[in-house]
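Numbered according to this note's numbering, the sequence shown spans residues 932 to 1388. From the three backbone atoms N, C-alpha and C, an ideal C-beta is built for every residue, glycine too. Data block below; observations after.
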Amino acid sequence: MAETEPRTETVSMDKIVSLSRRRGFVFPSSEIYGGLGSTYDYGHYGVLLKNVIREKWLRAMVQERDDIVALDSAVILHPRVWEASGHVEGFTDPLVDCRTCKLRFRADKLDEQHCGRQPSKHPGETEDCDLTEPRQFNLMFETTVGALQEEGARAYLRPETAQGIFINFKNVLQLARRRPPFGIAQIGKSFRNEITPGNFLFRVREFEQMEMEYFVRPAEADEWYRYWIDERLRWYLRYGIRESRLRVREHGPEERSHYSRATSDIEYLYPIGWSELEGVANRGDYDLTRHTDFSTTKLEYVGPEGERYVPYVIEPAVSIERIFVALLVDAYDEEVVGERERTVLRLHPQMAPVTAAVLPLIAKSDDMVGKARSLYENLRGRHRVEYDDNGAIGRRYRRQDEIGTPFAFTIDEQTLESDTVTVRDRDSLAQERLPIGGVRAWLDEALDRPWKTPKSD
Ligand code: ATP
């Protein structure tokens, strides 16, 4: 992986936020009430893109393998789960308050934050800054289970999906008839009361995690740890992320979480600099042992010949949000074509929220509209396609470019004569004519072709 800084500039986060807003990918949440910091709502294309990310992750984790099964556990678990996992005691960030500007900062990330009075400086850098000593702050959101707040039991919204997997280890082991090495994959919302949220979707308080716990013989843990780092890197390359924008950074012992024997971050070069996209950790036997102690249910593997051991766990963990931002940043491009500037999302064709647009050249032509609608209806059973007859064709193309649609099929005068359509390629802008009856097969084949971004490194 590249160690050097890439040559070309990374797009600014403002441009990504503005495109996301303009094209209905992401809206600030509760906007009509003034917004709620660092929570976002997803519009149509945002939902489609999240669905694709989910689908591709599940494809690689579950569909294309036979050693990993899926799980969907509850968000609110028994409160003892979080005692056993160490989160009640240890899932904390150090925070400091500034007595001058009254803002609160993460003590270990002061260089990523801005002073309340002089935003060009970091907290603690000006003479007026008056920071308290760091205090530990638990990131879990608390809630109450039961009808009456006073009498109900205190519970937490899960800060990670992994614990739901560990507490189901025995169920899965018995019912899915697996033996190590095998994995359990889960996608679902996690909640963290982050002290320094921000940077768009990169650090939010409510996010969707995709975690897979892979249970192995202790002696093989290191090998599988390396294997999963490579597998996950390959997944990003498979879906077109530039290799020069990815790197692996291994944590030093002081940086690791309480449960970890080894951790590596797969980092992406975000507009805020190299930052964690995904984490791969060797959690050892920490979680299964702790849940065995706290619940008194033995969570171990017993082999057919009676051998028994507590498996070690290798965990690749990532959020859809961080992939979402990495995809948009990696794909965002601006270029001048003729006299005109265009913004284009050069997403991998399989990742694009809309795979193809079907456009009648003249919306007033009933014949063109009829042909276009019937092509659209033929394609939509299998692909994410969009029909659009609204406005000048140039504007419709630009709209599709901005949402990253790789192919556009246009129905024009010649279609009426020869039953052919043009297909426009988002990246090269090349146009080709195809028989209308062959579009479906052409699209299937086009999506299977290897794809590489035309963007430079
Ligand atoms: P960071 O150091 O950035 O706070 P972390 O090391 O606490 O992250 P993990 O606990 O390893 O993160 O979580 C696994 C993955 O979940 C991360 O790699 C990231 O993709 C995602 N993630 C964690 N916190 C957030 C958040 N607040 N918003 C969006 N995604 C998150």
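Residue i: CB within 7 Å of a non-hydrogen atom of the ligand ATP
{"i": "G1021", "result": "no"}
{"i": "L1164", "result": "no"}
{"i": "V1006", "result": "no"}
{"i": "S1250", "result": "yes"}
{"i": "G974", "result": "no"}
{"i": "V957", "result": "no"}
{"i": "L1208", "result": "yes"}
{"i": "Q1140", "result": "yes"}
{"i": "V1135", "result": "yes"}
{"i": "E1185", "result": "no"}
{"i": "R1123", "result": "yes"}
{"i": "R1253", "result": "yes"}
{"i": "E1091", "result": "yes"}
Beta-bridge pairing of residue i - partner residues as DSSP gives them
{"i": "R1035", "result": "D1028"}
{"i": "Q1067", "result": "P1025"}
{"i": "G1114", "result": "I999 and Y1145"}
{"i": "T1227", "result": "Looking at the DSSP assignment, T1227 forms no beta bridge with any residue, so it has no partner."}
{"i": "Q1140", "result": "G1119 and S1250"}
{"i": "Q994", "result": "Beta-bridge pairing links Q994 to no other residue."}
{"i": "V1352", "result": "L1365"}
{"i": "A1262", "result": "A1262 is not bridged to any residue."}
{"i": "V957", "result": "Y973"}
Where the alpha helix (DSSP H) containing residue i begins and where it ends
{"i": "A1107", "result": "Here A1107 belongs to no alpha helix (DSSP H), and DSSP marks it neither H nor E."}
{"i": "Q1094", "result": "A1093 to F1097"}
{"i": "R1330", "result": "I1324 to I1334"}
{"i": "T1346", "result": "E1344 to S1349"}
{"i": "L1300", "result": "Looking at the sequence shown, residue 1300 is not Leu but Val. Residues D1297 to R1311."}
{"i": "W1013", "result": "P1010 to A1015"}
{"i": "A1372", "result": "V1370 to D1379"}
{"i": "W1159", "result": "A1152 to R1169"}
{"i": "L950", "result": "M944 to R953"}
Nearest neighbour of residue i, chosen from the options [CA to CA]
{"i": "H1314", "options": "R1357, A1038, R1371 and Y973", "result": "R1371"}
{"i": "S1191", "options": "K1101, R1214 and W1205", "result": "R1214"}
{"i": "A1262", "options": "H975, V1027, S960 and D1332", "result": "D1332"}
{"i": "P1280", "options": "L1347, I1324 and Y1170", "result": "Y1170"}
{"i": "A1294", "options": "G1322, H1045 and L1208", "result": "G1322"}
{"i": "D1264", "options": "E1209, S1387 and D1298", "result": "S1387"}
{"i": "H1189", "options": "D1216, N1130 and D1358", "result": "D1216"}
{"i": "H975", "options": "I1334, T1127, L1002 and T1227", "result": "I1334"}
{"i": "D945", "options": "G1237, G1129 and V1244", "result": "G1129"}
{"i": "A1001", "options": "M1143, A1361, L1278 and G1312", "result": "M1143"}
{"i": "T1075", "options": "I1007, L1104 and D1028", "result": "I1007"}
{"i": "V1241", "options": "R1253, S1250 and D1218", "result": "D1218"}
{"i": "P1111", "options": "V1103, I1118 and Q1117", "result": "V1103"}
{"i": "G955", "options": "S1206, D972, R1109 and C1029", "result": "D972"}
Boundaries of the beta strand (DSSP E) in which residue i is found, first to last residue
{"i": "E1185", "result": "Counting along the chain, E1185 falls outside any beta strand (DSSP E), and DSSP gives it neither H nor E."}
{"i": "L1200", "result": "A1193 to Y1201"}
{"i": "A1248", "result": "Y1243 to S1250"}
{"i": "T970", "result": "Segment: none, T970 is in no beta strand (DSSP E) and carries neither H nor E."}
{"i": "K1272", "result": "Sequence inspection shows Glu at residue 1272; the Lys mentioned does not correspond to that position. Here the beta strand (DSSP E) through E1272 covers R1271 to L1276."}
{"i": "S1206", "result": "G1204 to G1215"}
{"i": "G1005", "result": "Residue identity differs from the one stated: residue 1005 is Ala in this sequence, not Gly. No beta strand (DSSP E) holds A1005; DSSP gives it neither H nor E."}
{"i": "A1287", "result": "A1287 to P1291"}
Closer than 7 Å: residue i CB and nearest the ligand NAP heavy atom
{"i": "R1109", "result": "The model depicted lacks the ligand NAP and carries the ligand ATP instead."}
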